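Below is one structure, written out as structure tokens, with a few remarks after it.
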Amino acid sequence: MEHLLFIETGFGIDVHGQDVTCAAVRAVRDAIHRNSMPGITRFLPNHDLNKMNVTIRLAVPKDKERVDIEKVKAEIPYGTVHVELMDGGMATPSGIVLKDKNDKNDLMYIVNASVEVGY
Numbered sequence: 001m002e003h004l005l006f007i008e009t010g011f012g013i014d015v016h017g018q019d020v021t022c023a024a025v026r027a028v029r030d031a032i033h034r035n036s037m038p039g040i041t042r043f044l045p046n047h048d049l050n051k052m053n054v055t056i057r058l059a060v061p062k063d064k065e066r067v068d069i070e071k072v073k074a075e076i077p078y079g080t081v082h083v084e085l086m087d088g089g090m091a092t093p094s095g096i097v098l099k100d101k102n103d104k105n106d107l108m109y110i111v112n113a114s115v116e117v118g119y
């Protein structure tokens, strides 16, 4: 990305079910859903939202290979989206195993997200 305009950060948790994609999607939503960018088109080539480049960096505690990249990308409505995975986040006990929530163990997954926007 040649021109970085801003970075948003967030985190997401899957308390039951050990679904790392669920936690990753929640982290991206947390990063972007409290923001409005009314003037961003002034900075983009041809004032076109689809000219925006978005890089999502996810710090994932376990099962990185199970992250559904397409589901994560779908959270960004415009532009070209790239997703990078790295070690990080946290897997910590929830204190209970709920079989009806598809728990395999008592871990909850916490994923951190950085969403970089530019062109």
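Residue 8 in UniProt numbering sits at position 8 of the sequence shown; the count goes up by one each step and never skips. The beta carbon of each residue, even a glycine, is placed where N, CA and C say it ideally should be. Keep in mind it's a predicted model, so treat the numbers as computed, not measured.
Alpha carbon to alpha carbon, how far is residue i from residue j?
i	j	result
V79	K51	Note on residue identity: the sequence assigns Gly, not Val, to residue 79. Going by the C-alpha atoms only, they are around 6 Å apart.
N105	V115	30 Å
H45	K62	It should be noted that the sequence gives Pro, not His, for residue 45. Approximately 38 Å between the Cα atoms of the pair.
S36	I56	18 Å
A24	I40	25 Å
E75	I96	30 Å
G10	G88	13 Å
M1	H82	10 Å
H47	M108	42 Å
D19	Y119	32 Å
M86	A113	10 Å
K64	R26	15 Å
K71	T92	24 Å
How many whole angstroms separate the CB atoms of residue i and residue j, which I take to be in contact at a CB cut-off of 8 Å?
i	j	result
G17	K101	5 Å
F43	L5	6 Å
A59	V111	7 Å
V54	T21	With 8 Å as the limit, V54 and T21 do not qualify as a contact, their Cβ atoms being about 18 Å apart.
So who's on the other strand from residue i, going by DSSP bridges?
i	result
V117	F6, V54
I13	I110
Could you check if residue i is buried or exposed, using at least 16 other CB atoms within 10 Å of its CB as the buried criterion?
i	result
L49	exposed
R34	exposed
E8	buried
Practice task
Just list the alpha helix (DSSP H) runs in the stretch 49 to 115, keeping only unbroken ones of 4 residues or longer that don't cross its boundaries, in chain order.
Solution key: 69 to 73
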